[in-house]
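*Asks:* Residue numbers (the numbering used here): 341 to 751.
Beta carbons are placed, not taken as given, at the ideal position from N, Cα and C, and that holds for glycine.
Small disclaimer: the values here were computed from a predicted structure and weren't measured.
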Ligand SMILES: Nc1ncnc2c1ncn2[C@@H]1O[C@H](COP(=O)(O)OP(=O)(O)O)[C@@H](O)[C@H]1O
Ligand SMILES: [Mg+2]
């Protein structure tokens, strides 16, 4: 039988730890997957940034990308490769580039998702441009910010409409603080969002293809402790609802890899931030959950490469809206959306594929995450982030959490 090489590319920025683990574990899996006509082998390489002829071919079948959202040369090479060479990319670059927080709120509000009351307000000041003065004089309506704040209620959150990474986010307790925060907000277009009060759970749902991981998140803890290591904090019905919502968001926007943030207050979940289509993948944040990410990434990328999964560059929003417009409870609509999302991610075929071809992954990963390669990858990452005198201590901390994961024999 002929051998076919499936090429997976990693388009990387400052990433250190996860690519090392991805590459090494792929090697250890030593895959040979027959598709009836040929034996497929898998190779992974790191993509270089270089000039390119628009008509030159692309050597990759699948690309895991970490640059599109900010690095234009790579973004445009990726778009060209999807359009001209059928490259499959995590994530759809058009969708990643244009679907910021605001778009994701509107789309999911339309589908009926529980999202706190949110207003968009024009910015406090503007960058000069030729028609600015005339436009503002003619059409910028004077508004009473205090009144909008009162109608939303306090506490509320002021945050950039396209935000990410906690930049420009403020918790606001009263009208005075709102006016002050607006005065400081400069040229950024802001949302004002009702605060989810007295929440007793904060969960990040990390989606990778049809796979989902729930992480208990503590935003007030120091960076290395924000991802908590307890994994049994959710009931089965909570898990089902959160997984359904996360999968629908990801399928709707064609995001293979995204994380959604949900808060629970009085037994009800609210989604506050779910356009994070380049989620934190570093061992220094994920530690205990890091092996899950590497395994999930391998499973989904190998599946996409081996099955020639087509890139879905066109989105099918209308089909979701048709369900949204039906007169029935949200629970039933969510079940319908979820079915579409699981079809989109080929849930059944993916699981069969994993059972058949990747059954050894868990054992190989279990051994690998106890190896010196992993300890060294952690050390390399820690050395870029921590002061000299803390490098050993934090390397040991993240290593020990991964060893806890191994001991627990969990996913
Ligand atoms: N509506 C809200 N209710 C309660 N807390 C919120 C709300 N919005 C934001 N926060 C808090 O602020 C943090 C940052 O806001 P978020 O919307 O996640 O922005 P970013 O995209 O910058 O992560 C959240 O992790 C949460 O702790
Ligand atoms: Mg967030």
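Restricting to runs no shorter than 4 residues, where is the alpha helix (DSSP H) found entirely within the stretch 393–445?
*Replies:* Whole alpha helix (DSSP H) segments, 4+ residues: 412–425, 433–438.
*Asks:* So, helix, strand or coil for residue 531, using DSSP?
*Replies:* Reduced to three states, the DSSP call for residue 531 is strand.
*Asks:* For residue 479, count the other beta carbons within 10 Å of its own beta carbon; 16 or more makes it buried, fewer makes it exposed. Which is it?
*Replies:* With fewer than 16 Cβ atoms within 10 Å of its Cβ, residue 479 is classed as exposed.
*Asks:* When you compare each of 483, 358, 696, 342 to residue 620 by their alpha carbons, which one comes out closest?
*Replies:* Selected option, being the one with the closest Cα: 358.
*Asks:* Mind checking who residue 598 pairs with in its DSSP beta bridge?
*Replies:* According to DSSP, residue 598 bridges with 547.
*Asks:* What I want to know is whether the C-beta of residue 504 ends up closer than 7 Å to one or more non-hydrogen atoms of ligand 1.
*Replies:* Yes, since a heavy atom of ligand 1 falls inside the 7 Å radius drawn around the Cβ of residue 504.
*Asks:* Are the stretch 545–562 and the stretch 625–640 touching by the rule of at least three beta carbon pairs closer than 8 Å?
*Replies:* Judged by Cβ distances under 8 Å, the stretch 545–562 makes contact with the stretch 625–640, as three or more pairs qualify.
*Asks:* Is any heavy atom of ligand 1 found at a distance shorter than 7 Å from the C-beta of residue 603?
*Replies:* Because some heavy atom of ligand 1 lies under 7 Å away, the Cβ of residue 603 counts as near it: yes.
*Asks:* Going by the C-beta, is residue 669 closer than 7 Å to any heavy atom of ligand 1?
*Replies:* Result no, Cβ not under 7 Å from ligand 1.
*Asks:* Could you give the residue range of the alpha helix (DSSP H) that holds residue 498?
*Replies:* It is not in any alpha helix (DSSP H) - residue 498 instead sits in the beta strand (DSSP E) that spans 496–500.
*Asks:* Would you list the one or two residues that DSSP bridges to residue 762?
*Replies:* Outside the modelled stretch of the chain, which goes from 341 to 751, sits residue 762, for which no answer is possible.
*Asks:* Decide if the stretch 636–647 is in contact with the stretch 562–581; the criterion is three or more beta carbon pairs, one per stretch, under 8 Å apart.
*Replies:* No, the stretch 636–647 is not in contact with the stretch 562–581.
*Asks:* Please name the residue, chosen from 364, 373, 377, 378, that lies closest to residue 384 on a Cα-to-Cα basis.
*Replies:* Ranking 364, 373, 377, 378 by Cα distance to residue 384 puts 364 first.
*Asks:* Could you pull the DSSP bridge partners for residue 555 from this structure?
*Replies:* BP columns for residue 555 point to 544.
*Asks:* Check whether the Cβ atoms of residue 519 and residue 476 sit closer than 8 Å, and answer yes or no.
*Replies:* Cβ distance not < 8 Å, so residue 519 and residue 476 don't count as in contact.
*Asks:* Do residue 413 and residue 436 come within 8 Å of each other at the CB atom, strictly closer than that value?
*Replies:* Taking 8 Å as the Cβ cut-off, residue 436 and residue 413 do not qualify as a contacting pair.
*Asks:* Would you report the Cα separation of residue 643 and residue 567, rounded to the nearest angstrom?
*Replies:* C-alpha separation (whole angstroms): 28 Å.
*Asks:* With a CB to CB cut of under 7 Å and the five nearest residues on each side skipped, what residues in its chain are close to residue 452?
*Replies:* Here the set comprises 664, 670, 673.
*Asks:* For residue 431, which of 687, 724, 592 has the nearest alpha-carbon?
*Replies:* The shortest C-alpha separation from residue 431 is found at 592.
*Asks:* Report yes if the C-beta distance between residue 590 and residue 573 is below 8 Å; otherwise report no.
*Replies:* Taking 8 Å as the Cβ cut-off, residue 590 and residue 573 do not qualify as a contacting pair.
*Asks:* Specify, as a first and last residue, the run of the beta strand (DSSP E) that residue 751 falls within.
*Replies:* From DSSP, residue 751 is part of no beta strand (DSSP E); its letter is neither H nor E.
*Asks:* Pairing CB atoms from the stretch 706–724 with CB atoms from the stretch 372–391, are three or more of them under 8 Å?
*Replies:* Touching, no, given that fewer than three Cβ pairs across the two stretches are closer than 8 Å.
*Asks:* Assuming residue 658 is part of the alpha helix (DSSP H), what are its boundary residues?
*Replies:* Here the alpha helix (DSSP H) through residue 658 covers 657–664.
*Asks:* On the DSSP letters alone, give me the boundaries of the beta strand (DSSP E) that residue 613 sits inside.
*Replies:* Residue 613 -> beta strand (DSSP E) spans 608–613.
*Asks:* Take residue 727 and list the residues in its own chain whose beta-carbon comes closer than 7 Å to its own, dropping the five residues that flank it on each side.
*Replies:* Counting only Cβ-Cβ distances below 7 Å, and skipping sequence neighbours, we find nothing.
*Asks:* Where does residue 768 land, buried or exposed, given buried means 16+ other C-beta within 10 angstroms?
*Replies:* In the structure as shown, the chain begins at 341 and stops at 751. Residue 768 is therefore absent and cannot be evaluated.
*Asks:* Rounded to whole angstroms, what is the Cα-Cα separation between residue 615 and residue 445?
*Replies:* Going by the C-alpha atoms only, they are around 9 Å apart.
*Asks:* Starting from residue 474, trace the alpha helix (DSSP H) both ways and give me its first and last residue.
*Replies:* It spans 472–479 - the alpha helix (DSSP H) in which residue 474 sits, taken as one unbroken run.
*Asks:* Taking buried to mean at least 16 other C-beta atoms within 10 Å of its own C-beta, is residue 562 buried or exposed?
*Replies:* So residue 562 ends up on the exposed side.
*Asks:* Return the CA-CA distance between residue 651 and residue 676, expressed in angstroms with no decimal places.
*Replies:* If I take the Cα positions, the gap works out to 23 Å.
*Asks:* I'd like the span of the beta strand (DSSP E) that includes residue 512, first residue to last.
*Replies:* Segment 510–512, the beta strand (DSSP E) holding residue 512.
*Asks:* Ligand 2 and residue 613: does the residue's C-beta get closer than 7 Å to at least one heavy atom of that ligand?
*Replies:* Yes - ligand 2 has a heavy atom lying nearer than 7 Å to the Cβ of residue 613.
*Asks:* Assuming residue 461 is part of the beta strand (DSSP E), what are its boundary residues?
*Replies:* 458–461 is the extent of the beta strand (DSSP E) around residue 461.
*Asks:* Please confirm whether any heavy atom of ligand 1 lies closer than 7 Å to the CB of residue 749.
*Replies:* Checking the Cβ of residue 749 against ligand 1 gives no.
*Asks:* Hey, out of 626, 666, 702, whose CA is closest to residue 738's CA?
*Replies:* Ranking the options by Cα distance to residue 738, first place goes to 626.
*Asks:* If I'm right that residue 503 touches residue 464 with Cβ under 8 Å, what's the distance once you round it to whole angstroms?
*Replies:* About 16 Å; that fails the 8 Å criterion.
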